[in-house]
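One structure is given below, encoded as structure tokens.
Residue numbers (this note's numbering): -9 to 363.
As structure tokens, then:
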């Protein structure tokens, strides 16, 4: 089952710790490569880590399982990762787990850690720089990890300019770990920018790191251009991003619930609904984990992700489809837009008829009808 927790596969150099993971967590079924390299550095740190540590990208919480003495705060925006963290550390008084974006964190820490989310773009990395600098106490340590092929050298320069002193501590293949001592009490750090655009009369704001931040992605636009009017229907948007599909349905008269795994996307949906004067329900959810079991809808729309970070993890999209059919009424419809090569038709056919609505060079739109019992 998608929701089942598993023991992560660890690199040979790391001693076993029984670290939990699941589909949807970066690095699944093992550890993210950058996180694994960071752990190697933490086992022999360049300086004393101090008594209070903040991990801004906790993922599955491996850091807290290897560092057994300090008080550790684990921050995460991913609902899938939070499901793991809450289970892993429910009885550990050293560890505090927070569902938070980096700039929502408060306090000062002796050491701040971050695996840079370069796959989410420069503005997401800039947000982590702002947060890391603000949360590291004067004289404290900041450790970052990332991929040389995804801009790490550029980001290293950003952090060094802010902190005042830093060096690359470890290299392995394309991964890098760098450390910085906070010499400056203040620094000129360019604020992370949000993206805004207008679509069908909706003002869409996307916070840093949210999918397709600068415009409506082509796949979602293709689905919307062929979707019949949802007016008067109860609609579920799974993996909503900044909310374009669901908010457009609400604009056309539907009652809409939007599910999103990324907390930044949930915050974006809330901003966009408020700006449009639309009343919707936005839930921070690991696919369908936040939905009441009995919730039922007339129509489900989705543009499922098949990457977690840069890894292809089809289990996530498969869970999207399972949840869609679990929560659509008999005779209700499930509309899916996907890349041409993704094999979603057999998964949908288990529940009823599937029609190819439209396809182009890149995408296809599928319409599934749940069979009546």
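Backbone N, C-alpha and C fix where the C-beta goes; we use that ideal spot for every residue, glycine too.
This structure is a prediction, so every number in the text was calculated from the model and none was measured.
Distance from the Cα of residue 216 is smallest, within the candidate group 64, 346, -8, for 346. For residue 152, same chain residues with a beta-carbon under 6 angstroms away, outside a window of 5 residues either side, are 123, 177, 179 in chain order. By the criterion of a C-beta distance shorter than 6 angstroms, residue 126 is surrounded in its chain by 102, 132, 172, once the five residues flanking it on both sides are discounted. Taking a contact to require three or more Cβ pairs closer than 8 angstroms, the stretch 229 to 239 and the stretch 151 to 168 do not qualify as touching. The stretch 250 to 261 makes no contact with the stretch 45 to 57; the number of CB pairs closer than 8 angstroms stays below 3. Residue 263 and residue 205 have their C-alpha atoms spaced approximately 17 angstroms apart.
Apart from the 5 residues on each side of it in sequence, residue 42 sits with its Cβ closer than 6 angstroms to the Cβ of 61, 99, 100 in its chain, given in chain order. In the DSSP assignment, residue 194 falls within the beta strand (DSSP E) that extends over 192 to 196. Of all alpha-carbon atoms in 291, 139, 336, 359, the one lying nearest the alpha-carbon of residue 321 is that of 359. Residue 349 has its alpha-carbon roughly 11 angstroms from the corresponding atom of residue 331. The beta carbons of residue 309 and residue 277 sit about 5 angstroms from each other, so the pair counts as a contact at 8 angstroms. Excluding the 5 residues flanking it on each side, residue 71 has same chain C-beta neighbours closer than 7 angstroms at 15, 48, 49, 50, in chain order.
Apart from sequence neighbours up to five positions away, the residues of its chain that approach residue 20 with a beta-carbon distance below 7 angstroms are -2, -1, 0, ordered along the chain. Take the alpha-carbon of residue 212 and the one of residue 192: they are about 17 angstroms apart. By the criterion of at least three beta-carbon pairs nearer than 8 angstroms, the stretch 133 to 144 is in contact with the stretch 22 to 29.
With respect to residue 65, residue 93 sits apart: the two C-beta atoms are not nearer than 7 angstroms. A distance of 7 angstroms or more separates the beta carbons of residue 258 and residue 202. Between residue 115 and residue 145, the C-beta spacing is below 7 angstroms. One Cα belongs to residue 222, the other to residue 242, and the distance between them is close to 9 angstroms. Sequence-distant partners of residue 185 (beyond 5 residues in either direction) whose C-beta falls short of 6 angstroms from its own C-beta, in its chain, are 196, 203, 204.
The distance from the Cβ of residue 294 to that of residue 199 is about 18 angstroms, inconsistent with a contact at the 8 angstroms cut-off. The Cβ neighbour count for residue 52, taken over all protein chains shown within 10 Å, is at least 16; the residue is labelled buried.
Scanning its chain for C-beta atoms nearer than 7 angstroms, with the 5 sequence neighbours on each side dropped, one finds around residue 234 the residues 189, 194, 206, 210, in chain order. Residue 354: member of the beta strand (DSSP E) spanning 353 to 360, first to last residue. If you draw a 10 Å sphere on the C-beta of residue 13, you find 16 or more other C-beta atoms in it, and that means buried.
The beta carbon of residue 82 is closer than 8 angstroms to those of 54 in its chain, skipping five residues each way along the sequence. Fully contained in the stretch 308 to 334 are the following beta strand (DSSP E) runs of length 3 or more, in chain order: 318 to 329.
By DSSP's assignment, residue 114 forms no beta bridge with any residue.
Taken through DSSP and simplified to helix, strand or coil, residue 288 comes out as strand.
Going by C-alpha positions, residue 141 is about 10 angstroms away from residue 147. In the DSSP annotation of this structure, the continuous segment of the alpha helix (DSSP H) that includes residue 236 starts and ends at 234 to 241.
Residue 248 is not a Cβ neighbour of residue 265, given a cutoff of 7 angstroms. In the same chain as residue 355, and ignoring 5 residues on each side of it, the C-beta atoms closer than 8 angstroms to its own belong to 212, 213, 216, 325, 326, 327, 346, 347, 348, 349, in chain order. For the 7 angstroms CB-CB criterion, residue 291 and residue 318 do not form a contact.
In this chain, the beta strand (DSSP E) harbouring residue 100 covers 99 to 105. Going by C-alpha positions, residue 352 is about 46 angstroms away from residue 97.
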